[in-house]
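Since the structure comes first, as structure tokens, the remarks are kept for the end.
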Amino acid sequence: MEKIIIFDTTLRDGEQAPGASLNPQQKLEIAFQLEKLGVDVIEAGFPVASPGDFQAVQDISRKIKKSAVCGLARCLKADITSAAKAVKPAKHPRVHIFLATSKIHLQYKFRKAEDEILKIAKYAARFARLRCADIEFSPEDATRSERQFIYRVIESVIDEGVNTINIPDTVGYSYPQEIYSLITDIRNNVPNIEKAVIAIHCHDDLGLSTANSLSAILAGARQVHCTINGIGERAGNASLEEIVMALKTRKDVFGDFFTRINTREIYRTSRLVSNLTDFVIPPNKAIVGRNAFSHESGIHQDAVLKKRSTYEIMDPHEVGISSSQLVLGKHSGRHAFGDRLKNMGFKLDAKQLNRAFARFKDVADKKKDIYDDDLRIIVEDEIRVIKPAWKLAGFSISSGTNIKPSAKITLDKRGKLLSVESTGDGPVDACFRALDKITHLKAKLEDFRLEAVTSGKDALGHANLKLRIKSIIYSGSGSSTDIIEASILAYLNAVNKYAI
Ligand SMILES: [Zn+2]
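With this note's numbering as the guide, the letters of the sequence shown map in order to residues 245 to 744.
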């Protein structure tokens, strides 16, 4: 059995998705969960990009013990120095350097230009290798690069001590057979390739990222780059859960390979990443979408009850999805509440537990039965509160047939109460206009979704939105049994990210 190294880049490529930005505390929280999930390498960020990113990579390097921690760098001295310094405290530090090798990226057409690129790659590899023992190199846009040229680049960086060669399909242009032959050709034409592990990095622009990654494995790649929920630049990266479950489910094809992933942590990791990045998981998303294991047609339902494998190729328990069960109600005590959360895998400190319990009591007053999914939302809301600049103190709305919708909102800004009234096209619009007036922000609403967390008329509503404030996108989410309140909380959550 051969091991497939899982290289998770949720905190680097994933975080590059517009509006997905995470603060260092949130990145650390995700890193802990990735470690629990069993990923081999965590690409924690791009340290030279900002002091915040440097800090996040350094914090993660100090705290993560089982997974290797990697920092990204261009082939520039400043980048490499910064990345090597940030990952230094890690038990297994790694620096990942990249350099574009395709003509379209280089904008040159002559061999001389290629020679210059080769020189830069070689120098950067040597420079990096002196600062970190574990170096990964990516010829960016490899799938659109001249074969002969990437062979030369790969050979020369391996000569300088690079031990992982990553092949990125940077623009998501390739297809499975092409990836297969590219990896095969690299193995056959780079004389020293046996000294390095081949990795694959696919994007989903044509919806082929998982298929391409699996094809690379069959051709000899032994490391896969992926992200939780497939988040990432543009259409995203190959999704960790899809790759891991394909390897596990199709033993007839991939029986020679295994990963270190504890698949029962997949669902929780997926929820955490979705919640902290405010990237909603589409209901039909493979493995982790709400509908991934639900059967609607009567014929299917009947067959699944008789024999699960008729229409289900995986057991939802294997990815950590438990059927949402009735767990608690108004009269449940703190102990039962804490126990249930522990069973669900949440680790809260005393302060967080108190806040979550107070919130639970509040919800239980309005909602008779509290399910696992409700608890998850309550806890996820509470664990990410980091001293918000604006808090909702109260609101009222008036709306109806032939009534111009209006809202009055009172916010608490660090102890000071501010109230504003506004009208709008609907009650939510009136609330958002009022919020704009109080905060003096000309925020533009880019995306707004509302969904029920569980079924029933008293279900918790979960609002999720994206605001553009001064050309940067901030996402926010909030939940309440009152959907107007959930919308206001989501708006404030995004505004508070701006205000930090
Ligand atoms: Zn990428």
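Don't be surprised by glycine CBs; every beta carbon is placed ideally from N, CA and C.
Alpha carbon of residue i to alpha carbon of residue j, nearest angstrom
i: Ser724; j: Asp680; result: 21 Å
i: Leu655; j: Phe601; result: 23 Å
i: Lys332; j: Gly315; result: 10 Å
i: Lys586; j: His579; result: 11 Å
i: Val313; j: Ser294; result: 18 Å
i: Asn598; j: Lys631; result: 16 Å
i: Asp365; j: Ala738; result: According to the sequence shown, residue 365 is Ala rather than Asp. Distance between the alpha carbons of Ala365 and Ala738 is about 41 Å.
i: Tyr424; j: Leu458; result: 9 Å
i: Asn433; j: Val339; result: 25 Å
i: Glu358; j: Val401; result: 14 Å
i: Thr493; j: Glu438; result: 29 Å
i: Ile622; j: Trp634; result: 19 Å
i: Ala264; j: Tyr718; result: 8 Å
i: Pro671; j: Leu662; result: 19 Å
i: Lys353; j: Glu399; result: Because the pLDDT at Lys353 is just 45, under 50, the model does not fix this residue reliably, and the point stays unresolved.
i: Arg431; j: Ser382; result: 16 Å
i: Asp378; j: Asn535; result: 41 Å
i: Asn267; j: Glu626; result: 16 Å
i: Lys363; j: Ala369; result: 10 Å
i: Ser320; j: Glu404; result: It should be noted that the sequence gives Leu, not Ser, for residue 320. Near 16 Å, if we compare the C-alpha coordinates of Glu404 and Leu320.
Residue i burial status per 10 Å Cβ neighbour count (16 or more: buried)
i: Ser305; result: buried
i: Leu733; result: buried
i: Lys714; result: exposed
i: Ile716; result: exposed
i: Gln545; result: exposed
i: Glu246; result: exposed
i: Ile248; result: buried
i: Val563; result: buried
i: Asn481; result: buried
i: Tyr395; result: buried
i: Asp645; result: Going by the sequence as given, residue 645 is Thr instead of Asp. Thr645 is exposed by the Cβ-count criterion.
i: Arg256; result: buried
i: Gly258; result: buried
i: Gln269; result: exposed
i: Ala322; result: exposed
i: Tyr615; result: buried
i: Gln467; result: buried
i: Pro262; result: exposed
i: Tyr735; result: buried
i: Asp385; result: buried
i: Ser541; result: exposed
Those residues which DSSP pairs with residue i across a bridge
i: Phe581; result: Answer by DSSP bridge pairing: none, since Phe581 is not bridged.
i: Asn708; result: Arg693 and Ser721
i: Thr253; result: Thr253 pairs with nothing; no bridge assigned.
i: His447; result: Asn481
i: Ala288; result: Note: Ala288 sits in no beta bridge, so no partner.
i: Leu516; result: Answer is none; Leu516 lacks a bridge partner.
i: Ser318; result: Contrary to the premise, residue 318 reads as Arg rather than Ser in this sequence. Partner(s): Phe342.
i: Gln467; result: Ile249 and Ala443
i: Lys652; result: Ser640 and Glu665
i: Pro295; result: Beta-bridge pairing links Pro295 to no other residue.
i: Ala312; result: Val285
i: Ile713; result: Ile716
Continuous beta strand (DSSP E) stretch holding residue i: start and end
i: Leu343; result: Pro337 to Ala344
i: Thr667; result: Lys660 to Thr667
i: Asn410; result: Thr408 to Asp413
i: Ile379; result: Ile379 to Glu384
Extent of the continuous alpha helix (DSSP H) to which residue i belongs
i: Phe601; result: Ala594 to Lys610
i: Cys675; result: Pro671 to Thr683
i: Thr554; result: It is not in any alpha helix (DSSP H) - Thr554 carries neither H nor E in the DSSP assignment.
i: Gln269; result: Pro268 to Leu281
i: Pro435; result: Segment: none, Pro435 is in no alpha helix (DSSP H) and carries neither H nor E.
i: Gln392; result: Arg391 to Asp403
i: Tyr735; result: Ile727 to Ala743
i: Asp500; result: Counting along the chain, Asp500 falls outside any alpha helix (DSSP H), and DSSP gives it neither H nor E.
i: Lys347; result: Lys347 to Leu350
Near ligand 3: residue i beta-carbon under 7 Å from a heavy atom
i: Asp257; result: Among the ligands present in this structure, namely ligand 1, ligand 3 is not found.
Decide if the region 433 to 452 is in contact with the region 406 to 419; the criterion is three or more beta carbon pairs, one per stretch, under 8 Å apart.
-> The region 433 to 452 is in contact with the region 406 to 419.
Could you say if the region 288 to 300 and the region 497 to 515 meet the contact criterion of at least three C-beta pairs nearer than 8 Å?
-> no
Are at least three pairs of beta-carbons, each pair with one atom in the region 341 to 350 and one in the region 386 to 406, less than 8 Å apart?
-> yes
Tell me, please, whether the region 698 to 706 touches the region 680 to 690 by the rule of three or more beta-carbon pairs shorter than 8 Å.
-> no
The region 470 to 477 in contact with the region 517 to 528 per 3-pair CB rule at 8 Å = yes
Quick one: any contact between the region 324 to 331 and the region 370 to 377, if contact means 3 or more CB pairs under 8 Å?
-> yes
Any chance the region 431 to 445 sits against the region 394 to 408, with 3 or more Cβ pairs inside 8 Å?
-> yes
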